[in-house]
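Note sheet for the following structure.
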Amino acid sequence: MKTFEYSFTAPSSDIQHDMLTTMLAEIGFDSFMDDAMGLKAYCSADCRDDLAVENLLLEPSFSDIQLLKVEEMPDKDWNELWEASYQPVVVNERCRVRAPFHEPDSSFEFDLVIEPKMSFGTANHETTAQIIQLMLETDFQGKAVLDMGSGTAVLAILAKKLGAARTVAIDNDEWAYRNAFTNTALNGISDIEIVLGVAVVCGDSSVLERQPKADLLIANINRNILLRDMSLYVKAMRLDAHIFFSGFYSEDLESIKAEAARLGLHYCRHLSRNNWVAAEFVK
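The sequence shown: position 128 = 128 (my numbering), numbered continuously.
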């Protein structure tokens, strides 16, 4: 399949860099590289959408970013190049998230295998890593868990490894949905027996009403979707259930807190790294 390289001028800050790559990923770009000239982003031919890129650069947040050129890339073994640069992520010295080509390491309590393909959730991003940190500090034993915007299903898989009784991974992206089956299998968790494994569901927040009430809900998405769908998350939670939010910036925390309070959620704590936030609330 053809791959296209988009060359952009360098973002002016780490925050702008993260915002741009996150939004380009939502359009369909699956890898990024910084060099002396700026930022390079890559997408396959079937994900190419020049109008979406043009509209993105019209956003006030990216008014100083320019698209310099678009080039079709020569055939290469992109998997080999990716494997050479991809490193496992370790959280709290207890959980390692690695790719299938990395050797297992039994010194970690949780050694998760994730084949990311084009799905979000390798723990390389601060939001996923911080949610994992919150999870490692939480009792999941016997809990019913809903993972909204599950991406690779890494968080749903970890919830099951932490002792959750039932875990449901939900994503509205068809690619992520298929990828979740791959990753549950890689970690020895199948949804063939939902009671013992991870159920994988393709859909948006509307499917929550068909799921059992959650003792713990995870929503690592983005600010706008969290604010839009928070009321549906609350309805899907049992009394005293906890919810982990991430995918937003430090400056968005107050608006997340305000909407949560309006819906009867009480703030517990939050983590912050490189301006990305993960926050915990209880119903």
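Ideal Cβ positions, reconstructed from N, Cα and C, are used throughout, including at glycine.
Which of helix, strand or coil DSSP assigns to residue i
i, result
"R48", "coil"
"E280", "strand"
"I243", "strand"
"L162", "coil"
"A236", "coil"
"D148", "Asp is not the amino acid found at residue 148; the sequence shown has Met there. Reduced to three states, the DSSP call for M148 is strand."
"G31", "Reading off the sequence shown, one finds Ser at residue 31, where the question assumed Gly. It is a strand residue."
"H17", "helix"
"T3", "strand"
"D252", "helix"
"E109", "coil"
"N55", "helix"
"C72", "The sequence shown places Glu at residue 72, rather than the Cys named in the question. Note: E72 maps to strand in three-state DSSP."
"S206", "helix"
"T22", "helix"
"T182", "helix"
"T167", "strand"
"L339", "The structure shown does not extend to residue 339, since the chain spans only 1 to 283, so no value can be given for it."
"S119", "With a pLDDT of 46 at S119, under the threshold of 50, the modelled position of this residue cannot be trusted; read the value that follows with caution. Three-state DSSP puts S119 in coil, outside helix and strand."
8 Å contact criterion, which residue i and residue j should meet: CB distance rounded
i, j, result
"L158", "F110", "6 Å"
"N222", "G247", "4 Å"
"S31", "K2", "About 15 Å separates the two Cβ atoms, so there is no contact after all."
"T9", "Q66", "5 Å"
"L271", "Q133", "6 Å"
"Q308", "L136", "No statement about residue 308 is possible, as the shown extent of the chain runs from 1 to 283 and does not include it."
"Y42", "E72", "Their Cβ separation, rounded to whole angstroms, is 11 Å, which puts Y42 and E72 out of contact at 8 Å."
Residue i versus residue j: straight-line alpha-carbon distance, rounded
i, j, result
"M148", "E209", "13 Å"
"L56", "F62", "8 Å"
"F281", "I170", "20 Å"
"A52", "Y233", "29 Å"
"R48", "A260", "37 Å"
"R269", "V70", "43 Å"
"L226", "N220", "8 Å"
"E26", "D105", "33 Å"
"S7", "K161", "41 Å"
"A185", "T167", "15 Å"
"K283", "Q130", "21 Å"
"F108", "V91", "10 Å"
"G163", "D50", "45 Å"
"T138", "D64", "42 Å"
"S205", "D229", "7 Å"
"A279", "I256", "9 Å"
"D252", "S231", "18 Å"
"E54", "L68", "12 Å"
"N172", "V201", "8 Å"
"E292", "Y267", "Residue 292 lies beyond the stretch modelled for the chain, which goes from 1 to 283, so this question has no answer here."
"P60", "D14", "17 Å"
"R178", "H102", "22 Å"
"N183", "A199", "12 Å"
"A236", "A180", "22 Å"
"A165", "P11", "44 Å"
Outcome for residue i when other beta-carbon atoms lying within 10 angstroms are tallied against a minimum of 16
i, result
"A284", "This structure leaves residue 284 out entirely; the chain is present only between 1 and 283."
"G188", "exposed"
"G151", "buried"
"L58", "exposed"
"N224", "exposed"
"F29", "buried"
"A258", "exposed"
"H242", "buried"
"L24", "buried"
"F244", "buried"
"M33", "exposed"
"P74", "exposed"
"L239", "exposed"
- Message: Would you call the stretch 136-149 in contact with the stretch 205-220, where contact means no fewer than 3 C-beta pairs closer than 8 Å?
- Response: yes
- the stretch 30-46 in contact with the stretch 93-104 per 3-pair CB rule at 8 Å: no
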